[in-house]
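FYI, the numbering for the sequence shown is 3 to 131, going by our numbering. All residues carry an ideal CB built from backbone N, CA and C; glycine is no exception.
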Amino acid sequence: MLPMADTERSFSLDEANALLPTLIPLLESLRMGWRTARDPGRAATVRRHAGSNGGGTAGSELLRAAASGHGHLQAVTDLGVVVRDPERGLIDFPGHREDRPIFWCWQLGEPAVAWWHARDRGFSDRQPI
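#1: From which residue to which residue does the alpha helix (DSSP H) around residue 33 run?
#2: By how many angstroms is the C-alpha of residue 73 removed from the C-alpha of residue 13?
#3: Per DSSP, what are the beta-bridge partners of residue 87 in this structure?
#4: Which one or two residues does DSSP pair with residue 74 in a beta bridge?
#5: Between which residues of its own chain and residue 78 is the CB-CB distance below 6 Å, once the five residues before and five after are set aside?
#6: For a test of the three-state rule: what should DSSP assign to residue 66, helix, strand or coil?
#7: Would you decide whether residue 18 is buried or exposed? Buried here means 16 or more other CB atoms lie within 10 Å of its CB.
#8: Given a cut-off of 7 Å, decide if residue 91 and residue 11 are closer than it, judged by their beta-carbon atoms.
#9: Leaving out five residues on either side along the sequence, give the residues of the same chain with a beta carbon under 7 Å from the beta carbon of residue 129.
#10: Taking Cβ to Cβ, would you say residue 88 is nearer than 7 Å to residue 33?
#11: Rounded to whole angstroms, what is the Cα-Cα separation between residue 66 and residue 35?
#12: What is the C-beta distance between residue 97 and residue 106, in whole angstroms, given that I count them as a contact (C-beta under 8 Å)?
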């Protein structure tokens, strides 16, 4: 699990859906940076060249991807959203349903926030709204 914002925000379903246009480009960029940083071929190239030139171009790209990914992750968490899986663009919005704390659940590719799950559960236990 990736870090949550320091102060938890509580989202209504409408607020979560209204934030999607802001979140989608951030999550797409986060996913690209995540993929670049986790690319085994790039990591092997960096290791091979680290002793002579600090990893060369591959090392520079890896550092830029990590910095960019961190910036996008921070931007999402600063909004009060919990990033669960950067590869899938899976996020949770803290909220309440029938006066109990829940997470509104969404991932890249879904047209709207249409799922929820209990705070102590995860993606596999999400329920349609």
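Walking through what the data contain:
#1: As a working note, residue 33 is residue 31 in the sequence shown. That run of the alpha helix (DSSP H) goes 15-39.
#2: The residue you call residue 13 lines up with position 11 of the sequence shown. The residue you call residue 73 lines up with position 71 of the sequence shown. Using only the alpha carbons, I get a separation of about 22 Å.
#3: By one-based count along the sequence shown, residue 87 stands at place 85. Paired residue(s): 92.
#4: As a position in the sequence shown, residue 74 is number 72, starting the count at 1. DSSP output for residue 74 lists no bridge partner at all.
#5: Within the sequence shown, the letter at position 76 stands for residue 78. The residues are 28 and 85.
#6: The residue you call residue 66 lines up with position 64 of the sequence shown. Residue 66: helix per DSSP, three-state reduction.
#7: Reading the sequence shown from its first residue, position 16 is the one you call residue 18. Classification of residue 18: buried, given that the 10 Å Cβ count is 16 or more.
#8: Here residue 11 corresponds to residue number 9 of the sequence shown, with the count starting at 1. Here residue 91 corresponds to residue number 89 of the sequence shown, with the count starting at 1. The answer is no: Cβ separation not under 7 Å.
#9: Taking the first residue of the sequence shown as 1, we reach residue 129 at position 127. 117, 118 and 119.
#10: For the purposes of this step, residue 88 is taken as residue 86 along the sequence shown, with counting starting at 1. For the purposes of this step, residue 33 is taken as residue 31 along the sequence shown, with counting starting at 1. Here residue 88 is near residue 33, since their CB atoms are less than 7 Å apart.
#11: Sequence index remark: in the sequence shown, residue 66 carries index 64 (1-based). Sequence index remark: in the sequence shown, residue 35 carries index 33 (1-based). Spanning the two alpha carbons is a distance of roughly 8 Å.
#12: To locate residue 97, count along the sequence shown from 1; it is residue 95. To locate residue 106, count along the sequence shown from 1; it is residue 104. 5 Å between Cβ atoms; contact.
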